[in-house]
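Residue numbers (my numbering): 843 to 1379. Cβ atoms here follow ideal geometry from the backbone N, Cα and C, with glycine treated the same way. Keep in mind the model is a prediction, meaning the values are calculated, not measured. Take a look at the structure below.
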């Protein structure tokens, strides 16, 4: 007898409906699984037979063939064990196959027939909704995750026996109540607060602008100047995620099996800080099993690359296209997958190998050539994609002893950032997929980044005098738009533009030692000098 049951296979962060065909025929007792199964799927036949036997089901001594269609799609993981078990029982005539057609099934079986949680339940539930199925049957531990998807029923199942009794009508399973509150950890913004960072007020203002517009950041400064401390507090001033953004992030962590125990929905923006020894596959995704990388795990959040020049050059270069497009496209011999990666990139580095180039009261032991070689480990095209590139200064000792009462808190910055994002949300209401200023293309930039005559002249002369690229021109204009949103300006003013240009310090021609003499001048954000006609000097 032939029976068919539906399940799903992961492809990227989506699930593709897979038909599990089970044929039971006369012949020597044998269990075979075909349809491009990988190791865990091939082993599932052992677990299925043991689970059915220990669950009290007697199977006839016949030849069993399981086909996972489409046959050219690689099948991974233990998701198929529940549908295979139900298909075997249907082929043996122990349950009716017709009621199974309205559902998608996924679950791993223990040897005693109990259900174990699986990864990728959220994409499976989305596939069920989009495919017109009534709902999904998944392990009870995954039910809350599946219930995030509307317009489908979710049947939480504890064992294969319970699943069978539901379809035989002996004991119906009550669909999961999606009105239950989703368990999420309570995040205390005061745990790491911007008020704890002493000094660096100009850098904090630049990070506020970055958070408001979704701009990438590079901090360059000596050891101990607060670069990592600032990075770890930046997620606390980013706006809260919408439910749609929470679903997008949760789906990625579901595919990877990294959802925290008891948590069905990720509500806080991700913060990822990979070590500089990471591979290109670890950063953008891929590998033998084609999994999302750190870049996609930071989707809708912050990716922090500390000690940027220490990353291998070819690893950094793979970031260029994803940062521009917001997606990672991986082409392999047997599949093409796409992972989302709408991230804010924040990087930190020392100005030289010893860390004290141009730091007041500290002597740099690096020669000019070594300083230049160190910085040029970062390619020009990648540096060009970092909207904000500013230095951090050593913190004065007197500031370390002061209490931080009266300092601007993370909540203060978040309130201003959310107000600016609300302006952008209204601005881009007719532009699908655009949610912040950093995503504006040429047409939107021309339409929404209008500035005063003085601001326009300032930008033109800055690009010429500092030898900036066309991409840098557009990114400065986007930053100025974000600054104007924070300050409530309809037009980009001279002060908005001046602040944005001042945040591209490392782009300015002539800062490397090969063009200017090595001096002991302090490492700080150099202010723009403006002449009587509004031109930068």
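- Annotation: the region 1271 to 1306 contains the following complete segments of the alpha helix (DSSP H) (minimum length 4 residues), in chain order: 1284 to 1290.
- Classified as buried, residue 1128 has 16 or more neighbouring CB atoms from the shown chains inside 10 Å of its CB.
- The residue from 1110, 1221, 1141 and 1201 with its alpha-carbon nearest to that of residue 1154 is 1221.
- Shown here, residue 1180 sits in a strand according to DSSP, grouped into three states.
- Listed in chain order, the non-local C-beta contacts of residue 867 below 7 Å within the same chain comprise 904 and 905, local neighbours out to five positions each way being set aside.
- When C-alpha distances from residue 1276 are compared across 1209, 1298, 1105 and 1055, the shortest belongs to 1055.
- In this chain, residue 892 is not harboured by any beta strand (DSSP E); it is covered by the alpha helix (DSSP H) spanning 881 to 896.
- Looking at the DSSP output, residue 958 bridges to 950.
- In this structure, residue 1308 sits away from residue 1050, with a CB-CB distance that is not shorter than 7 Å.
- About 7 Å separates the beta carbons of residue 933 and residue 844, which is inside the 8 Å limit, making them a contact pair.
- The beta carbons of residue 1181 and residue 1231 sit no closer together than 7 Å.
- With respect to residue 1114, residue 1145 sits close: the two C-beta atoms are nearer than 7 Å.
- Between the C-alpha atoms of residue 939 and residue 1189 there is a straight-line separation of about 56 Å.
- Look at the region 1081 to 1155 and you find these whole runs of beta strand (DSSP E), each 3 residues long or longer: 1144 to 1147.
- Under the DSSP assignment, residue 1045 falls in the alpha helix (DSSP H) whose first and last residues are 1043 to 1055.
- Between residue 920 and residue 959, the C-beta gap is not smaller than 7 Å, which leaves the two residues out of contact.
- Counting of Cβ neighbours within 10 angstroms places residue 1306 among the exposed residues, the total staying below 16.
- Excluding the 5 residues flanking it on each side, residue 1176 has same chain C-beta neighbours closer than 8 Å at 914 and 916, in chain order.
- Scanning 971, 1043 and 961 for the CA closest to the CA of residue 946 turns up 971.
- When DSSP states are grouped into helix, strand and coil, residue 1020 belongs to the coil group.
- Taking 7 Å as the cut-off, the Cβ atoms of residue 1328 and residue 1262 count as close.
- Taking the Cα of residue 1340 as reference, the smallest distance to any Cα among 1296, 1310 and 1001 is reached at 1296.
- Around the C-beta of residue 1143, 16 or more other C-beta atoms lie within 10 Å, and the residue is accordingly described as buried.
- Ranked by Cα distance from residue 1289, the options 1273, 1302 and 1303 are led by 1273.
- Taking the Cα positions, residue 1134 is about 13 Å away from residue 1164.
- Per DSSP, the continuous beta strand (DSSP E) segment holding residue 1190 begins and ends at 1186 to 1191.
- Annotation: residue 1063 to residue 1201 spans about 9 Å, alpha carbon to alpha carbon.
- Closest option to residue 1020, judged by alpha-carbon separation, among 1223, 1265, 1107 and 926: 1107.
- Counting only residues of its own chain and dropping the five nearest sequence neighbours on each side, residue 937 has a CB closer than 8 Å to the CB of 928, 931, 1006, 1009 and 1010.
- About 5 Å separates the CB atoms of residue 1061 and residue 1234; that is less than 8 Å, so the two are in contact.
- For residue 856, the enclosing beta strand (DSSP E) covers residues 856 to 867.
- Around residue 1076, the same chain offers 1049, 1053, 1144 and 1188 as residues with beta carbons nearer than 7 Å, after the five sequence neighbours per side are excluded.
- Rounded to the nearest angstrom, the gap between the Cα atoms of residue 1119 and residue 1093 is 27 Å.
- Distance from the Cα of residue 1149 is smallest, within the candidate group 1186, 1197, 1110 and 1109, for 1197.
- For residue 995, the secondary structure class from DSSP, reduced to helix, strand or coil, is strand.
- The three-state reading of DSSP puts residue 1164 in helix, counting H, G and I together.
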